[in-house]
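> Below you'll find the structure I mean.
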Amino acid sequence: MTSKEEFLEGQILLIDKPLTWSSFQAVNALKWGIRRKFDLKKIKIGHAGTLDPLATGLLIICTGKFTKKIPTLQGQIKEYTGTITIGATTPSYDMETTVEETYPTEHITEEQIHAATTNFIGKIQQVPPVFSALKKDGKRLYEYAREGQAVEVKSREIEITEFEITKINLPEIEFRVVCSKGTYIRSLANDFGKALQSGAYLSALRRTKIGDFNVDNAITPADFHTTVLGMPKPKE
75 MTSKEEFLEG
85 QILLIDKPLT
95 WSSFQAVNAL
105 KWGIRRKFDL
115 KKIKIGHAGT
125 LDPLATGLLI
135 ICTGKFTKKI
145 PTLQGQIKEY
155 TGTITIGATT
165 PSYDMETTVE
175 ETYPTEHITE
185 EQIHAATTNF
195 IGKIQQVPPV
205 FSALKKDGKR
215 LYEYAREGQA
225 VEVKSREIEI
235 TEFEITKINL
245 PEIEFRVVCS
255 KGTYIRSLAN
265 DFGKALQSGA
275 YLSALRRTKI
285 GDFNVDNAIT
295 PADFHTTVLG
305 MPKPKE
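Numbering (the numbering used here), first residue to last: 75 to 310.
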């Protein structure tokens, strides 16, 4: 069991974020458990890279003095697996919002799907989703979007080193992507639909790696309480 002193000195914790949890909720669950276990009034704790609530997978959480490592960890390359649903679009580019438009898919072949991935390999310009936590004029983009306000979102350079199609069962396309910091897989899904002269949105996402850290070595927030803190599993 990890001691109070070790948490305060600094720990890197690999957490498998559950579906529908925000990254903030995951951090808070660990923070609450550590404070309660050791009767601490406060402890520094934070995560190295947000995952959307509809995504699962690897969340690196740092405690104590190791919170200083967060910027370095955030900058490492990331690997994701997921599912793109072809033939429709949503405002958020994922399943957070409902389908707004549908598109034909009859013309799309498996060969075209595999070939389209090459358009996204290397350094490319990507426009982040308007439903994102990026700020413009001191306000988060999703706040503008939820208010129905049109806002210009500037493109930025990202890098995708690997984009592999792992399974095709239309309208679903399963994939694996290795990419740089700042890449929005939701935007990639939306752009992938356009490359196929159709529409698409992200219907499932799992972060599997950050640098050398692998989700295979991660535990859920509930398991953190039982195995690391030796506490009863918290109520859902």
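Ideal Cβ placement from N, Cα and C applies to all residues, glycine included.
These numbers come from a predicted model, not from an experiment.
(1) If you drop the 5 nearest sequence neighbours on each side, which residues of the same chain put their C-beta closer than 7 Å to that of V201?
(2) State the start and end residues of the unbroken alpha helix (DSSP H) segment that holds L128.
(3) Near K78, what residues of its chain come up, given a Cβ to Cβ distance below 6 Å and the 5 sequence neighbours on each side ignored?
(4) Which partner residues does Q150 have in the DSSP bridge list?
(5) What span of residues does the beta strand (DSSP E) with H121 cover, start to end?
(6) How is G156 classed by DSSP in three states: helix, strand or coil?
(7) Considering Cα atoms alone, identify which of I119, G107 and F98 is closest to E83.
(8) Using a threshold of 8 Å, state whether the C-beta atoms of T282 and T155 are closer than that.
(9) Short of 6 Å in beta carbon distance, which residues of its chain neighbour L132, apart from the five on each side in sequence? Order them along the chain.
(10) When the distance is taken between beta carbons, is P295 closer than 8 Å to T161?
(11) Could you check where the alpha helix (DSSP H) with E185 kicks off and where it finishes?
(12) Counting Cβ pairs closer than 8 Å, one from the stretch 101–112 and one from the stretch 162–175, do we hit at least three?
(13) Under the three-state reduction of DSSP, which class applies to E180: helix, strand or coil?
(14) Tell me the residue span of the alpha helix (DSSP H) that contains S97.
Checking against the coordinates, here is how it stands:
(1) The count along the sequence shown starts at 1 and reaches residue 201 at position 127. Result list for V201: V227, S229 and S261, in chain order.
(2) What you label residue 128 is simply residue 54 of the sequence shown in a count that begins at 1. It is not in any alpha helix (DSSP H) - L128 carries neither H nor E in the DSSP assignment.
(3) As a first step, residue 78 must be located in the sequence shown, where it is residue number 4. The residues are F112.
(4) Here the question's residue 150 lines up with position 76 in the sequence shown. According to DSSP, which records beta bridges pairwise, Q150 is partnered with nothing at all.
(5) In the sequence shown, the residue the question calls residue 121 occupies position 47. H121 -> beta strand (DSSP E) spans I119 to H121.
(6) Stepping through the sequence shown from its first residue, residue 156 is reached at position 82. Three-state result, G156: strand.
(7) Locating residue 83 in the sequence shown gives position 9, counting from the first residue. Of the listed residues, the one whose Cα sits closest to E83 is I119.
(8) Taking the sequence shown and counting its residues from 1, the one referred to as residue 282 is at position 208. Taking the sequence shown and counting its residues from 1, the one referred to as residue 155 is at position 81. Cβ atoms of T282 and T155: closer than 8 Å.
(9) Here the question's residue 132 lines up with position 58 in the sequence shown. Within the same chain, L132 has close Cβ partners R281, I284, V289 and A292.
(10) As a working note, residue 161 is residue 87 in the sequence shown. As a working note, residue 295 is residue 221 in the sequence shown. The residue you asked about is not Thr; residue 161 is Gly in the sequence shown. No, these two residues do not count as a Cβ contact at 8 Å.
(11) Here residue 185 refers to the residue found at position 111 of the sequence shown. Where E185 is concerned, the enclosing alpha helix (DSSP H) stretches over E184 to A190.
(12) no
(13) Reading the sequence shown from its first residue, position 106 is the one you call residue 180. Note: E180 maps to coil in three-state DSSP.
(14) Walking along the sequence shown from the start, residue 97 turns up at place 23. Per DSSP, S97 belongs to the alpha helix (DSSP H) from S97 to F112.
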